Structure formats: C-alpha cells, structure tokens
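Engineer: One structure follows; several queries about it will come next.
In this note's numbering, the protein residues as written are 16 to 170.
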C-alpha cells in the first residue's frame, strides 16, 4: 500500500472522532446539513464569504426561534422555505462552506442578532422578506428581521 492509512481506516477514524463526546452541542448531521445548505445557497467562489455566514446564521437563528422548527433538518425541510432542500441528499459541500458551518456552530456570528430569520436574493421576492426591514444587504442577498420581535424580548 502506498499510503499509511487506507480509506477504510481513515473513514473509521473520522467516524470515531465524530461519535466522541464534544464540547460543542451539535451533531454530525447538523454540521453536514448546515454545510450543505450554505454550499447550495452561497457556495460559489464569486459569492463573498459574508453571505455564506449570513445564510448559515439565518438557519441557526430559525432553529433557536419560537417561530420555526427546533432542528436544522426541520428548518431546511419546512415547506416553502428552502428551494434547495431537495438537493441536500446529493450535494457535497465545498471546503469554504464546511469551514463556515463549523465556525457558526462553534459560536461565530456575523449579525449577532437572533431576530434575523429571513434571507432573499431580492427584496420583493421570497417569503415575507419583501415587507421586512432588512438588517443588511450583502452582495445580492437581503437579510431581514422577524415580523414578531416581541417573541424575542423586543417591543
């Protein structure tokens, strides 16, 4: 064999690492789903990395929100929310999306605002974003607050 480790050995060692107790509170499935949706929604090299962080942060904010389902899987599969969801089983996330997902799952935030729960490529299209006050426009992507800030302790 030309390599110190075979693919089976390497795969087994990664599986063991994945199954060890971690200081972080996310599963391997959470990690891969987040990396995949980031890749699908903003994975092109010409898209600024800030958009990738925004996409992932919206997903995590939705999981933590009283308005949306309580898991990454349920948030991504919620009807009418992510048009890229049908491609999740077959996509291989790019390296940048994997790094962004890990950063977000370990605490990094670009908006640092839990009410940012919407994103759209156009202010007039997409679920409810058209009538929201958006937080920020990054490239061609709009990020917007919830309709219900009072659910988050706001007025």
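Just so it is clear, CB atoms sit at the ideal spot from N, CA and C, and this is done for glycine as well. Remember, predicted model here, so these are calculated numbers, not experimental data.
Is the segment 110-117 close to the segment 155-165, with three or more CB pairs under 8 Å?
Structural biologist: Short answer: they don't touch.
Engineer: With H, G and I counted as helix, E and B as strand and the rest as coil, what does DSSP make of residue 152?
Structural biologist: Translated into the one-based positions of the chain shown, residue 152 becomes position 137. Reduced to three states, the DSSP call for residue 152 is strand.
Engineer: Could you give the DSSP three-state label for residue 165: helix, strand or coil?
Structural biologist: For the purposes of this step, residue 165 is taken as residue 150 along the chain shown, with counting starting at 1. Note: residue 165 maps to helix in three-state DSSP.
Engineer: Identify whether residue 135 lies in helix, strand or coil by the three-state DSSP scheme.
Structural biologist: Here residue 135 corresponds to residue number 120 of the chain shown, with the count starting at 1. DSSP places residue 135 in strand when its eight states are reduced to three.
Engineer: Opposite residue 68 in the DSSP bridges: which residues?
Structural biologist: Counted from its first residue, the chain shown places residue 68 at position 53. Paired residue(s): none; residue 68 is not in a bridge.
Engineer: Helix, strand or coil for residue 144, going by three-state DSSP, please let me know.
Structural biologist: Within the chain shown, residue 144 is the residue found at index 129, counting from 1. Note that residue 144 scores a pLDDT of 48, beneath 50, so its modelled location is shaky; the value from the coordinates is reported in the next line. Residue 144: helix per DSSP, three-state reduction.
Engineer: Is residue 92 near residue 79, with beta carbons less than 9 Å apart?
Structural biologist: Counting from 1 along the chain shown, the entry for residue 92 is found at position 77. Counting from 1 along the chain shown, the entry for residue 79 is found at position 64. Contact flag unset, no.
Engineer: Who are the near neighbours of residue 122 in its chain, counting only those whose CB is closer than 8 Å to its CB and skipping five residues on each side?
Structural biologist: Within the chain shown, the letter at position 107 stands for residue 122. Closer than 8 Å at Cβ, skipping near neighbours: no residue.
Engineer: Between which two residues does the alpha helix (DSSP H) carrying residue 94 extend?
Structural biologist: Taking the chain shown and counting its residues from 1, the one referred to as residue 94 is at position 79. From DSSP, residue 94 is part of no alpha helix (DSSP H); its letter is neither H nor E.
Engineer: Secondary structure at residue 61, three-state DSSP: helix, strand or coil?
Structural biologist: On the chain shown, position 46 is the one that residue 61 refers to. It is coil, neither helix nor strand.
Engineer: Just tell me which of 57, 90, 42, 125 has its CA closest to the CA of residue 135.
Structural biologist: Translated into positions along the chain shown, residue 135 becomes position 120. The candidate whose alpha carbon is nearest that of residue 135 is 57.
Engineer: In three-state DSSP terms, what is residue 158?
Structural biologist: Stepping through the chain shown from its first residue, residue 158 is reached at position 143. Residue 158: strand per DSSP, three-state reduction.
Engineer: How far does the alpha helix (DSSP H) with residue 102 in it extend, from its first residue to its last?
Structural biologist: One-based indexing of the chain shown puts residue 102 at position 87. Unbroken run through residue 102: none, as it is neither H nor E.
Engineer: Output the distance between the C-alpha atoms of residue 166 and residue 76, rounded to the nearest integer angstrom.
Structural biologist: The sequence position of residue 166 within the chain shown is 151, counting from 1. The sequence position of residue 76 within the chain shown is 61, counting from 1. Spanning the two alpha carbons is a distance of roughly 13 Å.
Engineer: I think residue 43 touches residue 117, with their Cβ atoms under 8 Å apart; what is that distance to the nearest whole Å?
Structural biologist: Along the chain shown, read from residue 1 onward, the residue named residue 43 stands at position 28. Along the chain shown, read from residue 1 onward, the residue named residue 117 stands at position 102. No, residue 43 and residue 117 are not in contact; Cβ-Cβ is about 11 Å, not under 8 Å.
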